[in-house]
Amino acid sequence: MASAWRRLGFCVCVLKRQLRGGPDVLSGGRRAVPGCARGIYSATGQWTREYTLQTRKDVEKWWHPQIKDQASRTPDADRSKPKFYVLSMFPYPSGKLHMGHVRVYTISDAIARFQRMRGMQVINPMGWDAFGLPAENAAIERKLHPESWTQSNIKHMRRQLDRLGLCFSWDREITTCSPDYYKWTQYLFIKLYDAGLAYQKEALVNWDPVDQTVLANEQVDEHGCSWRSGAKVEQKYLRQWFIKTTAYAKAMRDGLADLPEWYGIKGMQAHWIGDCVGCHLDFELKVDGQATGEKLTAYTATPEAVYGASHVAVTPSHRLLHGHSPLKGAFREALVAGRDCRTPVTAVNMLTQQEVPVVILAKADFEGSLDSKIGIPSTSPEDAIVAQRLGLPYSDVIETAPDGTERLSGSAEFTGMHRREAFLALTQKARRMRVGGDVTSDRLKDWLISRQRYWGTPIPMVHCPACGPVPVPLEDLPVTLPSITSFTGRGGSPLATASEWVNCPCPRCRGAAKRETDTMDTFVDSAWYYFRYTDPHNLHRPFSAALADYWMPVDLYIGGKEHAVMHLFYARFLSHFCHDQKMVKHREPFRKLLAQGLIKGQTFRLPSGQCLQREEVDLTGPVPVRAGTGEELEVTWEKMSKSKHNGVDPEEVVEQYGLDTVRLYLLFAAPPEKDILWDVKTDALPGVLRWQQRLWSLVTRFIEARASGEAPRPQLLSSEERAEARKLWEYKNSVISQVTAHFTEDFSLNSAISQLMGLSSALLQASPGVVLHSPEFEDSLGALLVMAAPMAPHVASELWAGLALVPQKLCSHHAWDANVLLQPWPTVDPQFLQQPDVVQMAVLINNRACGKVPVPQQVARDQDKVHELVLQSELGARHLQGRSIKKAFLSPRTALINFLVQE
């Protein structure tokens with residue numbers, strides 16, 4: 001063995017002398033460093049046989065800056081080339097990455113690298129969701145300004161991301177608290193206002209008395225407390241800004257049908273929106289025949305029958321009875337608890353001009369989220385009972401013909417129309433007159449965006465005593481936050497205290513006016529950021545239509561399932577709106593969505609509920625107990641958090657195990673959509689470390705064989721060796737097919753790694769003659785490293801550099817003088833595709849890959865037949881014969897069967 005390594009060193013030296021002092025192509029274009037203490041080939045020019053902890057560190061230290069530089073910039077869009085836009089949900093800059101961040105960014109990083117290797121133009125951008133209440137509260141606690149607190153956190157987290165070697169398109173970085181960004185958030189708000197989709201009204205809101213701000217319903221827990229401060233939330237009426245998301249409810253509900261399956265997320269979106277069967281219509285309110293200037297909007301599921309309305313009903317909790325309406329007294333005087341009550345107020349339908357009484361119903365709540373609805377007795381038995389009880393007149397405007405068709409009567413120009421025809425015509429006319437008519441559900445509410453805090457995008461409106469609310473002219477944007485150096489976050493919006501900023505001339509009449517002092521909900525900032533990434537430095541528009549049309553829609557959007565309702569709904573809404581404004585040609589912003597699972601850690605609780613730190617727990621016995629006292633503990637797996645003492649520091653884990661090991665663990669431990677139970681004692685983390693060592697051994701064995709002095713000659717292979725090489729060729733092609741499918745279809749990168757582990761095992765079992773003389777072995781080993789590179793880029797780069805030093809290659813289609821991440825992705829050989837339909841079924845035993853078994857395509861989804869074929873195979877005889885099989889699972893999405901056996 002020693003002589004073989006001496007020959008290898010001689011071979012390397014000869015090759016280097018042949019380069020005559022030029023760049024060392026075999027070591028990635030870098031010269032060997034004289035006297036360098038590192039133990040890796042790329043630094044020393046000498047291959048090391050052992051893959052130790054120090055080797056891992058040396059590999060990552062050497063390759064980290066080179067890999068990072070390769071992907072730090074994206075080329076200008078060449079619209080003749082295919083593109084791939086992979087996007088991770090951008091983080092709030094809390095100051096420290098957690099393992100959930102590392103998981104989502106590792107997934108996006110691996111997929112971005114894969115798509116680049118496929119020849120795609122790729123963007124994988126990163127930015128910061130930097131506004132919001134947490135930053136403001138944290139700054140107040142530390143007696144800092146939110147701006148300085150946020151920027152310091154961004155710098156720290158950016159350094160953390162760089163240390164993780166992630167290939168983000170940093171030239172596209174955005175920060176939502178930068179005026180260069182929120183100028184365009186304000187621009188989009190004004191566009192919404194001009195389109196009648198942003199408006200102000202008094203509303204019952206969730207008020208956090210500690211944080212002194214409005215909360216969305218989703219920010220209030222099941223106990224009625226704020227998700228941030230923990231305070232009991234109060235209900236109060238405030239004049240608030242809303243965005244009319246209900247106007248797009250039906251389009252967004254219908255648009256889900258054109259999207260690929262999102263693993264349950266589409267169902268969540270559909271449930272959030274509800275069944276879009278009716279609409280809201282606007283009414284003017286009168287008392288004693290006199291107009292009051294007050295308006296009311298009410299819902300009906302049968303707007304085509306609105307000419308048969310008998311009343312408009314409100315709940316006892318409606319704002320008209322509790323807010324600041326001038327009609328409050330009249331309503332409260334008419335209220336009799338527990339009874340349906342007719343009031344002296346009447347409502348004039350602004351579409352039909354019909355006048356009907358307003359009724360307060362005894363029931364506290366309507367279905368869905370409604371607090372007012374139009375009573376139409378001919379289409380609602382419940383409404384008919386109310387009308388009869390209160391003696392309200394009405395007419396039946398729906399006639400049924402002998403053939404069963406229903407037509408309208410007594411309905412002005414809609415008379416004679418079929419119901420569906422009348423529904424479409426009436427709602428269209430209402431929308432045209434801007435008196436309602438947007439088809440929506442009874443559960444969806446408009447988006448309340450007002451927040452009474454400082455650290456947010458200022459709402460670009462001016463309130464004038466003469467002109468009412470007036471938008472800031474577009475040329476005067478951005479409306480920047482005033483410089484406030486001292487505030488407590490109590491007592492309403494801090495912006496109201498900046499008198500020089502608040503007091504301003506009206507943009508329309510130039511009279512004295514005041515700026516809006518509410519800021520926007522941070523969900524507005526994140527509702528369009530994916531557009532800005534396509535053109536982040538545009539000074540004249542939010543984004544160029546041409547660039548957005550090239551890069552959009554996002555090909556793969558990755559983030560937590562907790563954002564799959566609100567954020568995803570708002571982002572889809574803004575995209576639909578921008579499409580209607582002719583700003584972008586695509587209506588839906590995201591083609592595929594990957595909602596990844598949580599990373600959970602073990603929580604150790606005392607009976608009192610107190611969570612203990614890991615060092616306070618004695619794990620030496622059969623069950624964990626409190627160290628020193630022996631108290632029994634409740635052990636659960638929960639989302640990592642500081643309060644539960646169950647988190648792990650990503651930087652500490654990387655320092656201990658290495659970047660590639662942590663990356664592979666996060667990708668291999670579970671499918672992306674499933675939770676990971678973080679326990680380094682499990683098989684997953686040591687397993688991926690062992691796999692790296694096997695890869696290193698494979699390359700070492702190949703280098704040693706080719707450095708033996710004997711030239712590779714395929715003609716020397718025996719018939720048995722040729723058959724063995726043929727099997728390797730078939731296995732390689734099967735793995736390429738399945739790994740590519742995992743990267744492009746189901747994103748089960750854990751299964752992709754299992755496939756590569758299987759190929760590694762097959763190569764390790766190859767006979768010496770096949771290793772030395774077979775083009776199939778060389779090609780399979782090269783393909784293996786190329787496919788491993790997106791997931792373990794550092795070690796794959798070093799292993800590729802080792803392959804590159806080997807003389808007399810048998811495969812000429814690899815670019816041996818370029819880094820592995822610059823290699824084209826392997827493709828299936830055409831001859832393999834012409835074979836009979838056979839599926840290479842990956843076999844796992846207790847979640848460990850142990851090889852593949854060929855299975856006819858027609859039975860590949862039949863678990864019983866696959867089970868039987870595996871047991872009859874050579875692999876089954878070797879690994880399963882005589883063992884107790886508890887259960888077998890056939891994957892529904894990939895060619896994989898997992899046997900659980902008694903150890």
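Under full-length UniProt numbering, think of the first position of the sequence shown as 1, with each following residue one higher.
Just so you know, even glycine gets a beta-carbon here, dropped at the ideal spot from N, CA and C.
Model, not experiment: these values are computed from the prediction.
Near residue i, which residues of its chain fall below 7 Å by C-beta distance, leaving aside the five closest residues on each side in sequence?
| i | result |
| --- | --- |
| Ala305 | Ile376, Ser378, Thr379, Val397 and Ile398 |
| Pro589 | Tyr530, Met552, Pro553, Val554, Ala571, Arg572 and Ser575 |
| Thr400 | Glu406 |
| Gln693 | Tyr51 |
| Asp78 | Gln121 |
| Met417 | Arg407, Leu408 and Ala425 |
Among the residues of its own chain, which have a CB less than 8 Å from the CB of residue i, if the five just before and after it don't count?
| i | result |
| --- | --- |
| residue 904 | This structure cannot speak to residue 904, because the chain is shown only from 1 to 903. |
| Ser80 | none |
| Gln235 | Leu204, Val205, Asn206 and Trp207 |
Got a sec, what are the start and stop residues for the alpha helix (DSSP H) residue i sits in?
| i | result |
| --- | --- |
| Ile376 | Note, Ile376: premise wrong, no alpha helix (DSSP H); not H, not E. |
| Asn137 | Leu133 to Glu141 |
| Arg431 | Arg419 to Met433 |
| Ser760 | Leu749 to Leu764 |
| Asp438 | Counting along the chain, Asp438 falls outside any alpha helix (DSSP H), though it belongs to the beta strand (DSSP E) covering Gly436 to Thr440. |
| Arg722 | Ser719 to Ala741 |
So is residue i buried or exposed if we call it buried at 16+ other beta carbons inside 10 Å?
| i | result |
| --- | --- |
| Lys244 | buried |
| Gly230 | exposed |
| Leu784 | buried |
| Phe743 | buried |
| Arg253 | buried |
| Gln428 | exposed |
| Ser152 | exposed |
| residue 904 | No statement about residue 904 is possible, as the shown extent of the chain runs from 1 to 903 and does not include it. |
| residue 938 | There is simply no residue 938 to check, as the chain begins at 1 and stops at 903 in what is shown. |
| Asp282 | buried |
| Ala37 | Low confidence applies here, because Ala37 scores a pLDDT of 44, under 50, leaving its location unreliable; read the following figure in that light. Result: exposed. |
| Ala247 | buried |
| Gln755 | buried |
| Glu634 | exposed |
To the nearest angstrom, report how far apart residue i and residue j are at their CA atoms.
| i | j | result |
| --- | --- | --- |
| Ile885 | Leu896 | 16 Å |
| Lys61 | Ala43 | 11 Å |
| Val312 | Glu413 | 23 Å |
| Pro892 | Gln858 | 14 Å |
| residue 982 | Leu197 | Past the edges of the chain, shown from 1 to 903, lies residue 982, and the structure says nothing about it. |
| Glu764 | Asn846 | Sequence check: residue 764 is Leu here, not Glu. C-alpha separation (whole angstroms): 21 Å. |
| Arg713 | Gly255 | 60 Å |
| Gln581 | Ser643 | 46 Å |
| Cys509 | Cys467 | 7 Å |
| Asp525 | Cys811 | 51 Å |
| Ser719 | Gly769 | 11 Å |
| Arg30 | Ser751 | At Arg30 the pLDDT is 40, less than 50, meaning the model places this residue with poor confidence; the figure from the coordinates comes in the next sentence. Computed Cα separation, rounded: 35 Å. |
| Leu53 | Ala138 | 39 Å |
| Pro179 | Pro478 | 6 Å |
| Gln840 | Lys57 | 36 Å |
Start and end of the beta strand (DSSP E) containing residue i?
| i | result |
| --- | --- |
| Asp208 | Ala198 to Asp208 |
| Thr400 | Ile398 to Thr400 |
| Pro774 | In the sequence on display, residue 774 carries Ser and not Pro. Segment: none, Ser774 is in no beta strand (DSSP E) and carries neither H nor E. |
| Ile40 | It is not in any beta strand (DSSP E) - Ile40 carries neither H nor E in the DSSP assignment. |
| Ile123 | Gln121 to Ile123 |
| Pro357 | Glu355 to Ile360 |
| His463 | Met461 to Cys464 |
| Ser88 | Lys83 to Ser88 |
| Asn153 | Run containing Asn153: none in the beta strand (DSSP E); it sits in the alpha helix (DSSP H), Pro146 to Arg163. |
Can you name, in chain order, every residue of its own chain whose Cβ lies under 6 Å from the Cβ of residue i, other than the five neighbours on each side?
| i | result |
| --- | --- |
| Ala705 | Val771 and Leu772 |
| Glu776 | Ala725, Leu728 and Trp729 |
| Leu238 | Val205 |
| Ala645 | For clarity, residue 645 is His in the given sequence; the question names Ala instead. Once the five neighbours on either side are set aside, the close Cβ partners of His645 are Cys611 and Gln613. |
| Met1 | Any answer about Met1 is weak, because its pLDDT of 41 lies below 50 and its placement is not dependable; what the coordinates show is given next. Excluding residues within five positions, none has a Cβ falling inside 6 Å. |
Checklist entry - Taking the runs of the beta strand (DSSP E) that are 3 residues or longer, which of them lie wholly in the stretch 274-349? => result Runs found: 278-287, 290-300, 311-314 and 341-349.
Checklist entry - Whole alpha helix (DSSP H) runs in the stretch 552-635 with 4 or more residues, listed along the chain? => result Whole alpha helix (DSSP H) segments, 4+ residues: 566-580.
Item to check | Runs of alpha helix (DSSP H) wholly within the stretch 849-902 (minimum 4 residues, chain order) | outcome: Segments of the alpha helix (DSSP H) lying fully in the stretch 849-902: 863-872 and 874-879.
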